[in-house]
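For reference, the structure is listed below as C-alpha cells.
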Amino acid sequence: MGEINGKVMSAKEAVEKFVHDDDELVIGNYTVGSCAELVYEITRQGKKGFTLYSQSGIFDVEVLVAGGCVHRLVTTYVMRSGGKKGGSAVERSLNAGTLEIEDYTNFEYNARLVAGMHGFSFLPVLEGVMVTDIFRKRGFMGENKFRVIKCPYTGKDIVTVPAATPDVCIIHVQRADIYGNAQYWGAMGSVASAALSSKKIIVSCEEIVDHEIIESSPHLTIIPAYRVNAVIEVPWGAHPTEVLGYYNVDNFMYNGLFSSAAATADGLAAWMDEWVYSCPDRAAYIDHYIRKFGSAALDELRAKPFYSAPANYGSAFTSHWNQDGKERSMGVTLPQLETLLKERGKTYE
Amino acid sequence: MSKPYTLDELLAIAVAREINDYENVVLGVGVPMTAGALAKALFAPHATLMMESGIVDIRPLLSLNNIADAHSCRGFSFSTDLFSAFTVTYRGFVDVCFLGVGQVDKYGNLNTTAIGDYEKPTIRLPGSGGAADFIAYSKRTVLTMRGGTFVNKLDYFTSPGYLEGGDSRDKTGLFPKGSGPSALISTKGIFRFDPVTKEIYLAQIHPGVKLEAVKKDIPWDLKVAADLSETQRPTDNEIDFIRNFAPELSAGRELAVELRDACIKEKANLRSEKIIGGAQARRMK
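Residue numbers (the working numbering), protein chains in the order written: chain A, 1 to 349; chain B, 1 to 285.
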C-alpha cells in the first residue's frame, strides 16, 4: 500500500474504462444496497450485449434491461410491478424476443460464483432440483446449465453447476480506501463471491476512508485492494435502495415512483428519462431529487448511528526490544549482541 | 566500509531482493517473514504481504512467531481464511512465495516431511504445511536454505519443483505454465534454474565464500554460471533493519538459543525468589 495508485475515479471514467459491450457483467449486491449509480452510468453510456448475472433482480436489472443493455440474463428472481395488470422490463423484453433468460435457484446461482471465486471449474449443488423445470428447461446455456456426475465416494448422482467468472463486477459498499480495500457489512448475501469471482471489480462506496481505518477493522473487508480496478466515492450511491448505517430504502421513490412507472414500457421510459438519462451523475440526481421533493425527504432516510463495538487488534508490544533496550527473549542490548557476534566470529566484513 | 554482517542476515537480505514492488507475496515464518518485512519497508512499499492463515496486506512491526501471528502487525487490510488463501494462489494471484528446504534435489523438488524411512523416520520434519500447494501454483517460488541438504534422491517427495527437469513440470498440465522454483538462496550463495534443463546452478556466490565450500555440500557435479558473480553486499540500512526487526535471526540459531536459555534461567530465578520470598513472609506472620 502506498501513494495514490490511479484507482480513484468517477463512475463515468470507471465504466468507460472497465465495462465493455458484450461483457459478462455481475451486479454484486444482493437485494439491498444495489449499486444504483454504476447501473445508471452503464445505462447512460448505452453499453449493450451484456450477459447479466443478478442473484435477485430488482430495479437494477429493470433499468439495465429497459436501457437495452442486456442480451442474456442469469438470475433466480426478477421483480414485476403493478400486480396482474402491471409488468416488467424483463417480461416485456422476453416477449419481444430481445432477452434470453436462464433460471437458477438462489443456491445454485451462488454456487456458480463460489466455484469461480475459488478457481474450481464446477461445484456440486443440491440434487432435489433434478425433478424441477429449473433443471429440465435449458436456455442459452443448454447442456452446460447443469451436468450430472457420479459421486466417486457414494456412487450417488450429483448435480453440478459450472463456475461463473464474469468479466466485471459492479458493487456498492459502505466504505473503501484509495487502494481498493472494500468494506461491507450487513446481509452478506453473495456479495463477496460475486466480486471475487470476477475478472475486474468496480467498487462504489458511500465514503473513501483512510487506510488506517481499514487496518483497524480488517474483518469488515470483503475485497482486498489488489483485486480492485476502480474505487468511486458516491454518497447516496445505492439510492433508492438502502445502505446499512447510512440510509434506509426510499419507499417513496422505489415502491412509489419507480414501481408504478415500471409497470408499463412508456412509464419506465419516462422515469428513466428523468432519473437516469437527464442526470449526468449521482450528484445531479440527488440535486434533482432535492429540488423536486425537498431535502427533508432525504434527511428522514438518514441512519441514526448504532455503532458496532470496536474490535481490539492490539498486542502487548510492538518491538522486540523492551524499555531498557534489551531484546525480550535473549536479554541483551543491540550493542551487546553485536559485540557477541563479533567475538564469536559470526560476522563478515 | 559498511557494517559487518552475519550469513543469516545476508541470506534474509538476498531473499528480500527477490520481491518486486506491487507483487502479491505469500510469506512463511522465519527468514521469509523477515525478508518480506525488509522488502516492504525498504524497497517494495506496495507489495501485498499475506500469510496462509488468512491475514492479508500486513505491515509487520516485529518478526512473527507463526503464520497466524497478527500480534506482530499494526492491523492488516483483509481478514480471510485458509481455504481462500490457497484458492487465491490456485487462481494465479500470488506472484511469489517462499519455502524452506529440508532436502532438495537438482530440479528443486523438496522434502520437508521425513529424513530416512517415512514410517520410522530418522528425523520427522514438519510436513507439507502450505508448501506443496504454494510451489504448485505461485508464479514463482524462492527456496530458502539454512539447515537443509542437497540430495540425489529425496527420502520423501513433499513438494513439486521441476520434477525430472526439462519440460516435465509443464507437461503434466497440472501447474501454471512457467511456474516453479525461481531461486534457491542459502548462506553460501544464490542458485537459479537453467531455463531449458531446469537443473539448479550456482548463479551468485556470497562474499568470502569459496566455490569449493559450495560444491562440497552437493552430491553431484554442480553447474556454475559462466558469469558467476558475487552477491551484492548488504547495506547498513538492510543490516540495521534486520537487527531491529528480527534480532534472533541476526544472532543465529546457536547464539539465540544460548542467550534465550540464560535469559529464561535468570527470569525463573527472579520469579521463584519472589514466590519463595512471599511464602516465607506469610509463614513469618
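Where is the CB? At the ideal position from N, CA and C, for every residue including glycine.
Owing to the predicted nature of the structure, the values given are computational and were not obtained by experimental measurement.
Annotation for residue 147 of chain A: 160 place their beta carbon closer than 7 Å to its own, counting only its chain and skipping 5 residues before and after. Using a Cβ distance threshold of 7 Å, residue 89 of chain A and residue 238 of chain A do not count as a contacting pair.
Think of a sphere of 9 Å around the beta carbon of residue 255 of chain B: the chain A residues whose beta carbon falls inside it are 330, 337, 340, 341, 344 and 346, in chain order.
With fewer than three CB-CB distances shorter than 8 Å, the stretch 110–127 of chain B does not count as touching the stretch 189–205 of chain B. Here residue 323 of chain A is exposed, its C-beta having fewer than 16 other C-beta atoms within 10 Å. Neighbours of residue 221 of chain A across chain B, judged by C-beta separation under 7 Å: 77, 78 and 79. With contacts defined by Cβ atoms closer than 7 Å, residue 19 of chain B and residue 238 of chain B do not form a contacting pair. When A/170, A/325 and A/47 are compared, the shortest CA-CA separation from residue 20 of chain A is found for A/47.
A contact is defined here as three or more CB-CB pairs under 8 Å, and the stretch 135–146 of chain B meets this definition with respect to the stretch 183–192 of chain B. Here residue 59 of chain B carries a strand assignment [DSSP, helix/strand/coil]. Following the DSSP letters along the chain, one finds residue 12 of chain A inside the alpha helix (DSSP H) bounded by residues 11–18. Secondary structure note for residue 272 of chain A: its alpha helix (DSSP H) is the uninterrupted segment 265–272. Chain-ordered, the chain B residues with CB closer than 7 Å to the CB of residue 214 of chain A read 77.
Straight across, the Cα-Cα distance linking residue 173 of chain B with residue 265 of chain B is about 55 Å.
Contacts between residue 207 of chain B and chain A, judged by CB atoms closer than 8 Å, involve 348 in chain order. Within chain B, the residues placing a beta-carbon under 7 Å from that of residue 119 of chain A are 87, 90 and 91, ordered along the chain.
If you draw a straight line from the Cα of residue 33 of chain B to the Cα of residue 64 of chain B, it is about 7 Å long. According to DSSP, residue pairing for residue 24 of chain B in a beta bridge involves B/48.
Residue 39 of chain B and residue 16 of chain B do touch by the CB rule: their CB atoms are close to 4 Å apart, below 8 Å. The DSSP-derived three-state label of residue 83 of chain B is helix. Membership of residue 206 of chain A in the beta strand (DSSP E) is indicated by the continuous run 200–208.
Within chain A, 226 have C-beta atoms less than 7 Å from the C-beta of residue 24 of chain B, given in sequence order.
Taking one beta carbon from each stretch, the stretch 187–203 of chain A and the stretch 27–34 of chain A have 3 or more pairs nearer than 8 Å; the two touch.
Look at residue 29 of chain B: its C-beta is not under 7 Å from any C-beta on chain A.
Cβ proximity to chain B below 7 Å picks out 313, 315, 318, 319 and 320 from the stretch 292–320 of chain A. Look at residue 218 of chain A: its C-beta is under 7 Å from a C-beta on chain B. Per the Cβ contact rule, the stretch 203–215 of chain A is in contact with the stretch 167–186 of chain A (3 or more Cβ pairs under 8 Å).
With a threshold of 7 Å between beta carbons, residue 4 of chain B makes contact with chain A.
If you ignore the 5 residues before and after residue 233 of chain A, its C-beta comes within less than 7 Å of the C-beta of 205, 207 and 208, all in its own chain and listed in chain order.
Here residue 61 of chain B has 72, 73 and 74 as same chain residues with Cβ atoms under 7 Å from its own Cβ, once five neighbours each way along the sequence are excluded.
Residue 219 of chain A counts as exposed, since fewer than 16 other beta carbons sit within 10 angstroms of its beta carbon.
By the neighbour-count definition (other C-beta atoms within 10 Å, threshold 16), residue 107 of chain B is a buried residue. DSSP places residue 33 of chain B in the uninterrupted alpha helix (DSSP H) bounded by 31–42. Contact annotation: residue 97 of chain B and residue 138 of chain B have beta-carbon atoms nearer than 7 Å. By the beta-carbon neighbour count (other beta carbons within 10 angstroms, threshold 16), residue 154 of chain A is exposed. Contacts with chain A (Cβ-Cβ distance below 8 Å) from the stretch 231–259 of chain B involve 243, 244, 245, 246, 247, 248, 250, 251, 252, 255, 256 and 259, listed in chain order.
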